[in-house]
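Report on the structure given below.
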Amino acid sequence: MSFDRRTFLQGGSLVLLLGAHQIVRGATVMAVRLWPAPEYTRLTIESDGLLASRTIRGPQRVWMDIEGITLDPALRELAGKVRADDPFVAGIRLLQPEAGIVRLQVDLKQDVLPQMFHLAPVAAYKHRLVLDFYPLRPVDPLEALIAERLKEARAPVASAPTPAPAHDPLGELIARQVQRPPQPTARPAAEVARPALATAKMDRLIIVALDPGHGGEDPGAIGPAGTREKDVVLQVAHLLRERINRMTVNGSPMRAFLTRDADFFVPLHVRVEKARRVQADLFVSIHADAFTTPNARGASVFALSQGGASSSAARWMADKENRADLIGGVNIKSQDVHVTRAMLDMSTTAQIKDSLKLGNALLGEIGNVGRLHKQNVEQAGFAVLKAPDIPSVLVETAFISNPEEEAKLRSTQYQEQLADALVRGIEGYFSKNPPLARSRPL
Ligand SMILES: [Zn+2]
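For the sequence shown, the positions run 52 to 493 when this note's numbering is used.
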């Protein structure tokens with residue numbers, strides 16, 4: 052096949068990232084990674100120099116030519132990294148059409164919107180060339196929540212003994228959604244749920260957004276024994292989800308929604324957007340961070356601040372968490388990033404007041420199962436806590452940098468105790484601040 056410049060132009064999607072003057076000759080590939088997830092699959096090539104590359108998109112196939120590198124063993128590993136359950140990538144072939152150019156041929160399971168961009172060296176990473184594969188129609192968090200609920204309804208889990216309510220509150224949530232400006236297309240999941248609506252009682256479904264920090268390219272903090280924050284916080288979120296899904300508040304069933312349910316990176320503003328899309332009543336971001344000394348220990352809870360941080364330690368923590376986008380990797384050229392960020396700067400004093408109440412309820416319970424780093428809810432400018440209409444807190448469950456706490460964080464027993472404490476805190480918050488008292492805009 053002829054694959055010259057003309058072919059690229061005829062393809063109609065020529066992407067030339069760098070001018071000739073920036074092209075690096077002789078760069079070495081240090082690592083390749085693939086992060087498959089239902090929302091998008093990310094392919095990362097890490098190298099010691101900036102790589103010039105271009106992509107062309109065909110039906111169910113994307114090619115990427117990279118200049119200035121050779122087809123070395125590090126790069127060849129990519130082909131073997133494709134997982135059978137990858138929603139987008141079926142296979143990757145590596146070719147060398149001419150000296151100094153490596154061509155990746157990515158065979159796809161569905162047509163995608165590819166996004167290619169560079170990430171500058173940060174933290175432990177050198178230069179990264181990223182190629183994301185997005186579905187033509189983005190995954191809607193609300194539809195994902197509905198699909199999950201329907202799947203459970205068909206195959207009830209033995210460990211969840213609570214009988215399903217006679218009516219379908221999630222269906223009612225859909226009903227509210229369908230009254231809104233039209234969704235792009237009616238989805239089969241929503242259609243299946245709709246028949247329940249006619250007889251449904253208008254009870255409220257309480258939704259708690261759980262936000263396991265980091266993921267994908269961003270491991271979060273790493274403990275002395277190699278435990279990664281992104282893994283333990285996802286495990287805690289799963290345990291917490293089980294508990295929340297069994298709970299009711301004043302007769303209204305509760306439902307947990309995870310901002311990420313796999314090992315992939317979700318940008319901070321997207322986490323907030325997802326919580327708003329499912330009309331979450333609460334937002335709980337879960338972390339387990341590190342400090343510069345191994346002695347730091349105990350849990351802390353943070354809320355947003357409108358002014359300065361409540362302490363220099365809180366400011367330090369917020370700065371650290373806000374760097375997640377740099378490490379996890381956000382395509383700053385994608386147009387919605389700046390718009391959403393500007394919108395999320397409108398947080399209100401009411402949100403912060405509720406967040407502090409929620410934070411105190413959680414601290415009280417965590418203090419019963421583990422040590423507290425700080426007795427009071429601290430405040431700083433965490434980007435992930437900026438939903439203007441959702442009480443939002445960030446829980447640092449422990450210091451993964453402390454060998455003793457790292458060992459606890461790895462144990463299922465402690466993770467369960469922690470999940471129990473968090474669910475009791477959420478319960479306590481709702482008992483004093485009933486969600487029904489809050490009006491939810493339609
Ligand atoms: Zn973290």
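No residue lacks a Cβ here, since even glycine has one placed at the ideal position from N, Cα and C.
None of these values were measured; they are calculated from a predicted model.
Short Cβ contact (8 Å threshold) for residue i with residue j
| i | j | result |
| --- | --- | --- |
| E456 | R279 | no |
| L187 | D158 | no |
| G476 | G415 | yes |
| N382 | F168 | yes |
| G326 | A260 | It is worth fixing the name first, because residue 326 is Ala in this sequence and not Gly. Contact: yes. |
| A402 | P442 | At residue 402 the sequence reads Gln, which differs from the Ala that was named. Taking 8 Å as the Cβ cut-off, Q402 and P442 qualify as a contacting pair. |
| G274 | G379 | no |
| A458 | I417 | no |
| A341 | F450 | yes |
| D332 | P486 | yes |
| L407 | Y480 | no |
| V329 | F308 | yes |
| L256 | P192 | no |
| M298 | V444 | no |
| V113 | T121 | no |
| I117 | V133 | no |
| V323 | K437 | yes |
| N419 | A472 | yes |
| T400 | P439 | no |
| D405 | N296 | no |
| S385 | Q166 | yes |
Integer Cβ distance of residue i from residue j, believed to fall under 8 Å
| i | j | result |
| --- | --- | --- |
| S452 | P345 | 6 Å |
| L515 | V153 | Residue 515 is absent from the model: the chain starts at 52 and stops at 493. |
| V284 | H320 | V284 to H320, Cβ: 19 Å. No contact. |
| A82 | A125 | 7 Å |
| L469 | T448 | 6 Å |
| A78 | S98 | 5 Å |
| G151 | G100 | The Cβ separation is near 13 Å, so there is no contact. |
| M115 | L170 | Between L170 and M115 the Cβ distance is about 16 Å, and since that is not below 8 Å, they are no contact. |
| V287 | V352 | So it is not a contact: roughly 14 Å between Cβ atoms. |
| L290 | Q464 | Going by Cβ atoms, the distance from L290 to Q464 rounds to 11 Å, so no, they are not a contact pair. |
| V80 | D123 | 6 Å |
| G264 | S356 | About 19 Å; that fails the 8 Å criterion. |
| K281 | D312 | With a Cβ gap of about 12 Å, K281 and D312 do not count as contacting. |
| L377 | V173 | 5 Å |
| R306 | I258 | 5 Å |
Any non-hydrogen atom of ligand 1 within 7 Å of residue i CB
| i | result |
| --- | --- |
| H169 | no |
| D340 | yes |
| H424 | no |
| A272 | yes |
| E372 | yes |
| E280 | yes |
| H265 | yes |
Beta-bridge partners of residue i, as assigned by DSSP
| i | result |
| --- | --- |
| P10 | Nothing about residue 10 can be read from this structure; the chain reaches only from 52 to 493. |
| H338 | E447 |
| A431 | L355 |
| V140 | L159 |
| V283 | In DSSP, V283 forms no bridge with anything. |
| P186 | V163 |
| Y176 | V173 |
| L85 | L94 |
| S104 | I117 |
| R154 | D116, L146 |
| A495 | Any property of residue 495 remains undetermined from this structure, which presents the chain solely from 52 to 493. |
| G266 | D269 |
| I197 | DSSP lists no partner for I197. |
| V329 | Its beta-bridge partners do not exist; DSSP assigns none. |
| I257 | M305 |
| A350 | L423 |
| V321 | Paired residues: none, contrary to the question. |
| G109 | R112 |
| F168 | V181 |
| V133 | None; V133 has no bridge partner. |
| V80 | S98 |
Cutoff 8 Å: residue i Cβ touching any chain D Cβ
| i | result |
| --- | --- |
| L473 | Included in the structure is just one protein chain, with no chain D present. |
| message | Between the region 424-443 and the region 359-374, can you find at least three pairs of beta-carbon atoms closer than 8 Å? | response | yes
| said: Under 8 Å: do the region 131-140 and the region 77-94 share three or more Cβ pairs, one atom per stretch? | reply: yes
| request: Count the C-beta pairs between the region 91-104 and the region 173-184 that are closer than 8 Å, then say yes if the count reaches three, no if not. | output: yes
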